[in-house]
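For reference, the structure is listed below as structure tokens.
Protein chains in written order, with the numbering used here: chain Y, 3 to 339; chain A, 324 to 555.
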């Protein structure tokens, strides 16, 4: 005899209703290595009937299975997905102190669509600054800084919400370790972000990445075969479309194989807050502001002046000239100035 | 004394993370000690000593390192009490993915690394699934997308855990992990405490030193694989 199903508890639903309500439930059983419950049976009945020896082999505890299934299904709860980036209007860092205890003073506020550059020598406190943002420091980190979201202290639960990390990081020494094609790779990421139309988003990311990369690549190209510039382009396109993080940190963009200005613009268009750790003249002057770090603290903040912007135009001309030489070299031409 | 167990596959960065975390706690006036379990040899003793951290190494030798761990964990606690530590970190050898040295009522940390690939979280048993804190390492060398997928897969197998990225080289995240470790409950005594999960069963002829292959030489707890639905 079937027990009357409890609507609010997925573990009490007959398996066919459970799967109809959340198709990803099938993945749960695959993941823990258990067969699906027989038709008509609920997950709870199924768990109760499993032989003890099987559970021990799989390293599972009968009592914990229901809770684990509920926790898994919560990941797909539409109420908790994707409701994050749109709500961020500003992120503020209330000044702490440097390594000697000298106060930084003032509050730095950044908003979506802004480009802020981070400059300073190695060990000057750039990483700690980012870690403070990522950890949502509340005066409890070594710098004593506090981070505010939309002007108020954030919900403490946000600190550990791994799917709602504030900072996405595109580091220079990043590699792909996974052996998949570009399309499979982006699809996998899109699925884990639980987007509605996985195929369409994947297509968008690949097309966008190709507009940034110096040399085009195909959806069938293995990610491990991409050049440095192509990898960067793919990750920038991927982060701008798929990452939930409102802040994107880029540490330097190499000058080869990628349209740097356009790459940064892509992120800005998607309302990301772009933080760039760079000493590249063009990238640094693209920023609205530069935060200068020294001795573990913010030493000063420089607004990019109209004079500096004028320099940027000049640097861009030089850059275009060098790029032209690069293109000529690649095509086997002789070089003249 | 607060006690923490740290487990994880070999080379996932357990010691590097522990070292950086203790480094971040330095100056806070917390006395931290470490017991490091390993199987054959361990160079970690030196790494801890170099940082001035009191450490004791236990080598399991020919025994299953996790069984060896349980057999000695009470004594580890006694050593920590004697040395008057505020926090004792017990680092396991971390050999088979089925093992879990985690104890009920004792803060359990599992360290896994991004380089092991996105399918790894579901291959690891109670060590990961029953941990309170999952530390993910080597995030600096993989792409943002892989980091996100990896963390998501960890969350799938252990939705309850606090998941944290720590860089074992730069120490980024170590300060944050240190804060969490200091919130560990105080453990007075482990006599009669329960492991969170049974250790893999053993006691077959090979446990007892047999080296010869073949059914005639196999006694005790032996399980045979089935091929095409038939067990030989």
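Glycine included, each C-beta is placed from N, C-alpha and C at the ideal position.
{"query": "Nonlocal neighbours in the same chain, by C-beta distance under 7 Å from residue 327/Y, ignoring five residues either side", "result": "337"}
{"query": "Residues of the segment 358-388 of chain A whose Cβ lies closer than 7 Å to any Cβ of chain Y, in chain order", "result": "none"}
{"query": "Bridge-paired residues (DSSP) for residue 292/Y", "result": "119/Y and 304/Y"}
{"query": "Cβ pair count under 8 Å reaching 3, the segment 335-347 of chain A against the segment 429-448 of chain A", "result": "yes"}
{"query": "Within-8 Å CB hit, residue 508/A to chain Y", "result": "no"}
{"query": "Chain Y contact residues for residue 480/A, given Cβ-Cβ distances below 9 Å", "result": "33, 34, 70 and 74"}
{"query": "Under the three-state DSSP convention, the category residue 543/A falls into", "result": "strand"}
{"query": "Residue 412/A to residue 44/Y span [Cα, whole Å]", "result": "42 Å"}
{"query": "Cβ of residue 240/Y within 8 Å of any chain A Cβ", "result": "yes"}
{"query": "Within 7 Å of chain A by C-beta, residues of the segment 160-173 of chain Y in sequence order", "result": "162, 164, 165, 170, 171, 172 and 173"}
{"query": "Within 8 Å, strictly: CB atoms of residue 383/A and residue 354/A", "result": "no"}
{"query": "Contained alpha helix (DSSP H) runs [length at least 4] in the segment 421-500 of chain A, N- to C-terminal order", "result": "443-446, 449-452 and 467-480"}
{"query": "Cβ-Cβ distance between residue 159/Y and residue 483/A below 8 Å", "result": "no"}
{"query": "Interface flag, residue 87/Y vs chain A, CB-CB below 8 Å", "result": "With a pLDDT of only 47 at residue 87/Y, under 50, the local geometry of the prediction cannot be trusted, and the value read off the model is given with reservation. No, because no Cβ of chain A sits closer than 8 Å to the Cβ of residue 87/Y."}
{"query": "Which residues DSSP lists as bridging residue 356/A, in chain order", "result": "411/A"}
{"query": "Burial state of residue 234/Y, where buried means 16 or more other Cβ atoms lie within 10 Å", "result": "buried"}
{"query": "Contacts around residue 85/Y, its chain only, beta-carbon distance under 8 Å, and the 5 residues preceding and following it disregarded", "result": "Bear in mind that the predicted position of residue 85/Y carries a pLDDT of just 46, short of 50, making it too unreliable to give a figure here."}
{"query": "Candidates 248/Y, 282/Y, 196/Y and 292/Y: closest to residue 321/Y by CA position", "result": "282/Y"}
{"query": "Every unbroken beta strand (DSSP E) within the segment 144-208 of chain Y, with a cutoff of 3 residues, ordered by chain", "result": "148-151 and 169-172"}
{"query": "Of the listed residues 35/Y, 75/Y and 57/Y, nearest to residue 10/Y (C-alpha basis)", "result": "75/Y"}
{"query": "At least 3 beta-carbon pairs within less than 8 Å: the segment 188-197 of chain Y vs the segment 131-150 of chain Y", "result": "no"}
{"query": "Chain-ordered residues of the segment 484-507 of chain A with a beta carbon less than 8 Å from chain Y", "result": "485, 486, 487, 493, 495, 496, 498, 499 and 502"}
{"query": "is_contact[residue 521/A, chain Y] using C-beta, thresh 8 Å", "result": "yes"}
{"query": "Extent of the continuous alpha helix (DSSP H) to which residue 346/A belongs", "result": "337-348"}
{"query": "Beta-carbon spacing of residue 62/Y, residue 13/Y below 8 Å", "result": "no"}
{"query": "Close beta carbons around residue 397/A, own chain, < 7 Å, minus the five adjacent residues each side", "result": "513 and 514"}
{"query": "Interface flag, residue 228/Y vs chain A, CB-CB below 8 Å", "result": "no"}
{"query": "Distance CB(residue 303/Y)-CB(residue 110/Y) smaller than 8 Å", "result": "yes"}
{"query": "Buried/exposed call for residue 540/A, threshold 16 Cβ in 10 Å", "result": "exposed"}
{"query": "Residue 536/A classed as buried or exposed, judged by whether at least 16 other C-beta atoms fall within 10 angstroms", "result": "exposed"}
{"query": "Neighbourhood of residue 260/Y by C-beta distance below 7 Å, restricted to the same chain and skipping five residues each side", "result": "214, 215, 216, 231, 234 and 235"}
{"query": "Close Cβ partners of residue 310/Y (< 6 Å) along its chain, the five nearest in sequence each way excluded", "result": "287"}
{"query": "CB contact check: residue 438/A to chain Y, cutoff 8 Å", "result": "yes"}
{"query": "Opening and closing residue of the alpha helix (DSSP H) in which residue 253/Y lies", "result": "Here residue 253/Y belongs to no alpha helix (DSSP H); instead the beta strand (DSSP E) covers 249-253."}
{"query": "Endpoints, the beta strand (DSSP E) within which residue 94/Y is located", "result": "93-96"}
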